[in-house]
Amino acid sequence: MAPNPEWDYLVLTASNALQARAYEAQMRLRRQAGLLRGVRQVMVAADPGGRRVGSGGATLLALEQILRLEGGSASTAETLLRRLRILIVHAGGDSMRLPAYGPCGKIFVPLPGRGDGPLPPALFDRLLPAFLQLPAPPPGQGQVVAAAGDALLLWDAAGLSLERQGITLLGAEASPQEASRHGVCCIGGEGAFSLYLQKPSLEQQQRSGAIRTNGASVLDIGVMSMDAAAAVALLRGFGSQPGQDDPFGLASQARCWAERGGLDLYREICCSLGSQASLDHYVRSARSSGSRWPSQELEGLFPLLHAIPACVQVLPRCRFLHFGSTRQLITSGLALVELDSGAAPSDTVLSINNTFGPAGLIRGKDCWVEGCRIHATLELSGRNVVVGVDLDASLQLPAAACLDILAGTSRGGSKVWFVRPYGLEDTFKDPASQGASFCGMPVLDWLAAVGLPPEDVWDAESIEAQRTLWNARVFPAESSPAAFRKWLWMYDPAGATDAQKQDYLRADRYSAAEIAWLADQEAWIRRRMENWSFRQSRSPDSAR
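According to numbering that gives the first Met the number 0, the sequence shown is numbered sequentially starting from 0.
This is the structure we're talking about:
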C-alpha cells in the first residue's frame, strides 16, 4: 500500500488570542523537536476578537484563511482545495472544568507515560499520529478533516475509507445510554446514513431506528472528512458579501455567529444530513440542542446543506478517554496506564513529570500529581489532584482535595503565584445560586463560613445566573510559591481561626477567569521542560 501523501495544513483552533499564543509556543517546540513530520504548514487560528464562533465557524474561518494564503478567491476556491489536505483540530475552550490546565488548554494536558522523547507527552501528541494516519481520498478530490481535540481516541482504522464524495462522519458503536450524550448516526438496513440525532434520548433513538439489532447505537466520534466540493458548499452557504481579503464574506458573519452562540458543526450542520432528514427534523434538532439561530435562517440553510452527500464509516473498535475535567484526569489517566501496560496498575498514584529529591515521596491512591518538585512526603488521602507544587516539607491533603500553584502577574503587574485549593467535584461553570460547590461545599455556604460578602466576590452588576465559581474572586495570590500552606484551611473553613479569616478577607484574591489571562504561560512551559530535562538526565529513582 502506498503511503499517504503529507498534509498541507495542520490547523489548531483557539478560543482567543491569548490561548493562540500558548498553542503557538507548544507547536514551535514540537516543530523544533521534529514531532510534526508529515505536515507542510502549521497554523493556529483564534476566534476573532475572542468571541466564540463555534466549531463550524472556526472551521470555515480557518479554510478562508488558508485560501487567502494560497491566493484563492471564491471562484477558484474549489480548484485550490482539490489539491490540498487540511487537518483542523478544534482545541478552543475555557477549561472551566479543568482549571489547573487553563494555561496549556485541554489539548496539551500532560499524560502519564515516562517515555524518552524530547518533550513531555501531552494529549496532542497521542492524538496527532492517529489523525495524520487517516487515509487520503482519490487525487484531485481534496480533503478537509475537522476533529475534536478534547478526548483521546483509541481506534482501529483498518479498512477505513474516505473516498466517498461529500461529508464522511466517523462513528463507533456504543450503548444507547452513552450515545445519548453525543451525536448519533442512524444507519439503514443497507448501511445508508439516514438521520443525525443530537444528544437523543433513548426513546428518540428507538423511534428513529438508531438502535441496531445488536442493541448498540452509532455515536459520532467527533471526526469528519469532507471533500473540496462539500467544503466550498459550506463556505458559500454560510458566507455573505465577499470583500477584498474576505473571499466568502465570513469575517462579517463571525460576529453574528458569536451572538447566536456559535455555528456548530454538529448542531447547525450535521442535523441537516442523512437521506431521511427533513426541514422539520433539522429545525427541531438544532433547536433542542441549543441553537439560537433564527428559524427563518435555518429554513434557508436546509436545502443547501441537505444537498451535500453524506455517509458514515463505523470503526470496528474505538474507545474514548476524556481528559476534560479534574475528575477525569484520574479516571482516564489510570485507564490509559492500563491500556498501555496491558494490566491494571498496582500503584494508582499517577506521577507525571515530577522531580524528586532524596526525601521526596508520594503516598496515596487514585491521585494525579503533575509538574511538582517533591523533596518531602506528600500524603494523599485519595482522589486528589496536585499540580505545580514545590514541596520542601511534608504535606497531607484530605480526600478529594485539589491544589494547583500557578505563576503569573498581579493586576498591578508584579510577579505572583496563584494558590488554588478546590474540590475534585467542584463545579466551576454552574451558578452559585444553583448549588455549585467550592472545596466540597456550596459556594454561598463557603463564603458565609469565612464572612465574605458576595459583593466582594462578584461584580455588582452581575446577575445571579452569571455568578459562578469560575468568576468568583476566591483564590489568593502570593509573592512566593511556598506560601500556599497558609491557605490550606480553605478545605475546611469551619476550622479556620479568626486571624486566618481576616487574612483571607484582606488578601489579593482572583477568579479562575482572571487567572486564565494573568497566568505566565512561558513559565508554565518552562517548568515542565525543566522537570522533563531533569528526569531524562537522572537515574530512574530520581525521576520516578
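For glycine and all other residues, C-beta sits at the position ideal for the given N, C-alpha and C.
*Cα-Cα separation, Met223 to Val456*: Taking the sequence shown and counting its residues from 1, one reaches residue 223 at position 224. Taking the sequence shown and counting its residues from 1, one reaches residue 456 at position 457. Rounded to the nearest angstrom, the two C-alpha atoms are 43 Å apart.
*Take the Cβ of Leu504 as the centre, count every other Cβ of all protein chains shown within 10 Å, and call the residue buried at 16 or more, exposed below.*
Taking the sequence shown and counting its residues from 1, one reaches residue 504 at position 505. Leu504 is exposed by the Cβ-count criterion.
*asked:* Less than 6 Å between C-beta atoms, sequence neighbours within five positions excluded: which residues of the same chain meet that for Ala392?
replied: Sequence index remark: in the sequence shown, residue 392 carries index 393 (1-based). The answer, listed in chain order, is Ala375.
_Give me, in chain order, the residues of the same chain whose beta-carbon lies closer than 7 Å to that of Met0; leave out the 5 immediate sequence neighbours on both sides._
The residue labelled residue 0 in the question sits at position 1 within the sequence shown. Note that Met0 scores 48 on pLDDT, short of 50, meaning its location in the model is unreliable; the coordinates nonetheless yield the value given after this. Within its own chain, no residue has a Cβ closer than 7 Å to the Cβ of Met0 once the five positions on either side in sequence are excluded.
*Between which two residues does the beta strand (DSSP E) harbouring Tyr421 extend?*
What you label residue 421 is simply residue 422 of the sequence shown in a count that begins at 1. Its beta strand (DSSP E) spans residues Lys414 to Gly422.
*Measure the Cβ-Cβ separation of Asn3 and Gln132 and say whether it is below 9 Å.*
Working through the sequence shown from its first residue, we reach residue 3 at position 4. Working through the sequence shown from its first residue, we reach residue 132 at position 133. Yes; because the gap between Cβ atoms is below 9 Å, this pair is in contact.
_Close-in-space but distant-in-sequence residues of the same chain around Cys185 (CB under 6 Å, 5 per side omitted)_ = Counting from one through the sequence shown, the residue named residue 185 turns up at place 186. Take Cys185, set aside five residues on each side of it, and the residues of its chain with a beta-carbon closer than 6 Å to its own are Ser193, Leu194, Ser207, Gly208 and Ala209, in chain order.
*Tell me the start and end of each unbroken alpha helix (DSSP H) in the stretch 143-216 that is at least 4 residues and wholly inside, in chain order.*
Correct list: 175-178 and 201-207.
*Measure how close the beta-carbons of Glu477 and Trp416 come, nearest whole angstrom, since I'm counting them as under 8 Å.*
On the sequence shown, residue 477 is found 478 positions in, with the first residue counted as 1. On the sequence shown, residue 416 is found 417 positions in, with the first residue counted as 1. Yes, Glu477 and Trp416 are in contact; Cβ-Cβ is about 5 Å, under 8 Å.
*From what residue to what residue does the beta strand (DSSP E) around Glu378 run?*
Residue numbering aside, residue 378 sits at position 379 when the sequence shown is read from its first letter. Membership of Glu378 in the beta strand (DSSP E) is indicated by the continuous run Thr376 to Leu379.
_On the CB-based measure, 16 or more other CB atoms within 10 Å of its CB, does Glu369 come out buried or exposed?_
Numbered from its first residue, the sequence shown carries residue 369 at position 370. Result: buried.
*Note down, in chain order, each residue of its chain lying with its Cβ closer than 6 Å to the Cβ of Arg50, except the 5 sequence neighbours on either side.*
Taking the first residue of the sequence shown as position 1, residue 50 is located at position 51. So the qualifying residues of the chain are Ala257.
*Around the Cβ of Ile361, are there at least 16 other Cβ atoms within 10 angstroms (buried) or fewer (exposed)?*
Walking along the sequence shown from the start, residue 361 turns up at place 362. Label assigned to Ile361: buried.
*Is it buried or exposed for Lys105, if we count other Cβ within 10 angstroms and need 16 for buried?*
For the purposes of this step, residue 105 is taken as residue 106 along the sequence shown, with counting starting at 1. It counts as buried.
*Closest to Pro136 by CA distance: which of Ser461, Leu161 and Pro128 is it?*
Along the sequence shown, read from residue 1 onward, the residue named residue 136 stands at position 137. When each option's Cα is compared against that of Pro136, the closest is Leu161.
*asked:* Give the list of continuous alpha helix (DSSP H) stretches no shorter than 4 residues that lie fully inside the stretch 399-486.
replied: The stretch 399-486 contains these whole alpha helix (DSSP H) runs: 442-449.
*Touching or not, the stretch 136-147 and the stretch 267-281, by the rule of three or more beta carbon pairs under 8 Å?*
These segments do not touch.
*Cβ atoms of Ala21 and Ala32: under 9 Å apart, would you say?*
Residue mapping note: residue 32 aligns to position 33 of the sequence shown, counting from 1. Residue mapping note: residue 21 aligns to position 22 of the sequence shown, counting from 1. Between Ala32 and Ala21, the gap from beta carbon to beta carbon reaches 9 Å or more.
*Span of the alpha helix (DSSP H), counted from its first residue to its last, around Trp531*: Start at 1 with the first residue of the sequence shown, and residue 531 comes out as number 532. Bounds of the alpha helix (DSSP H) holding Trp531 are Gln520 to Ser536.
_Let me confirm a value: Ser290 is counted as buried when at least 16 other C-beta atoms fall within 10 Å, else exposed. Which label applies?_
Translated into positions along the sequence shown, residue 290 becomes position 291. It counts as buried.
_Nearest candidate by alpha-carbon position, reference Arg419, set Asp444, Val449 and Ala482_ = Here residue 419 corresponds to residue number 420 of the sequence shown, with the count starting at 1. Of the candidates Asp444, Val449 and Ala482, the one whose C-alpha sits nearest the C-alpha of Arg419 is Ala482.
*Minimum length 4: unbroken alpha helix (DSSP H) runs contained in the stretch 50-95*: Within the stretch 50-95, the complete alpha helix (DSSP H) runs of at least 4 residues are 53-68 and 76-80.
_Assigned secondary structure, Cys255 (DSSP; H/G/I helix, E/B strand, else coil)_ = By one-based count along the sequence shown, residue 255 stands at place 256. Cys255 sits in a helix when the DSSP states are folded into three classes.
_Test item: CB-CB of Asp574 and Cys401 under 9 Å_ = Since the first residue shown for the chain is 0 and the last is 543, residue 574 is missing from the structure and cannot be characterised.
_DSSP three-state label for Ser224, please._
On the sequence shown, position 225 is the one that residue 224 refers to. In this structure, Ser224 counts as strand in the three-state DSSP scheme.
*Counting only the same chain and skipping the five closest in sequence on each side, list residues whose C-beta sits under 7 Å from that of Gly261.*
Within the sequence shown, numbered from 1, the residue matching residue 261 stands at position 262. Counting only Cβ-Cβ distances below 7 Å, and skipping sequence neighbours, we find Arg51, Val52, Gly53 and Gly56.
_Length of the line joining the Cα atoms of Asp115 and Asp124_ = Within the sequence shown, the letter at position 116 stands for residue 115. Within the sequence shown, the letter at position 125 stands for residue 124. Computed Cα separation, rounded: 13 Å.
*asked:* Nearest by alpha-carbon distance to Gly158: which of Cys255, Leu314, Ser174 and Arg525 is it?
replied: Along the sequence shown, read from residue 1 onward, the residue named residue 158 stands at position 159. The option with the nearest alpha carbon to Gly158 is Leu314.
*With a 10 Å radius around its C-beta and 16 neighbouring C-beta atoms as the bar for buried, classify Thr78 as buried or exposed.*
In the sequence shown, counting from the first residue as 1, residue 78 sits at position 79. Exposed, because fewer than 16 other Cβ atoms sit within 10 Å of the Cβ of Thr78.
*asked:* Assuming Ala309 and Leu264 are in contact, meaning their beta carbons sit under 8 Å apart, how far apart are those beta carbons, in whole angstroms?
replied: For the purposes of this step, residue 309 is identified with residue 310 of the sequence shown, where counting begins at 1. For the purposes of this step, residue 264 is identified with residue 265 of the sequence shown, where counting begins at 1. Not really, about 12 Å apart at Cβ, beyond 8 Å.
*Take Ile268 as the anchor and find which of Gly236, Val386 and Asp244 has the nearest alpha-carbon.*
Counted from its first residue, the sequence shown places residue 268 at position 269. Residue nearest to Ile268 within the set Gly236, Val386 and Asp244 is Gly236 (criterion: CA-CA distance).
*Determine, using beta carbons only, whether Leu377 and Leu405 come nearer to each other than 9 Å.*
Within the sequence shown, the letter at position 378 stands for residue 377. Within the sequence shown, the letter at position 406 stands for residue 405. No, the pair does not count as a contact, with Cβ atoms beyond the cut-off.
*Can you have a look at Ser331 and say buried or exposed, based on whether 16 or more other CB atoms are within 10 angstroms of its CB?*
Against the sequence shown, residue 331 aligns to sequence position 332. Under this definition Ser331 is a buried residue.
*Can you tell me where the beta strand (DSSP E) with Ile361 in it begins and where it stops?*
The sequence position of residue 361 within the sequence shown is 362, counting from 1. Its beta strand (DSSP E) spans residues Leu360 to Arg362.
*Distance, Cα to Cα, Gln205 vs Ser174?*
Your numbering for residue 205 matches position 206 in the sequence shown. Your numbering for residue 174 matches position 175 in the sequence shown. C-alpha separation (whole angstroms): 12 Å.
*Excluding the 5 residues preceding and the 5 following Asp149 in the sequence, name in chain order all residues of the same chain whose CB lies nearer than 6 Å to its CB.*
Counted from its first residue, the sequence shown places residue 149 at position 150. In the same chain as Asp149, and ignoring 5 residues on each side of it, the C-beta atoms closer than 6 Å to its own belong to Lys105 and Gly323, in chain order.
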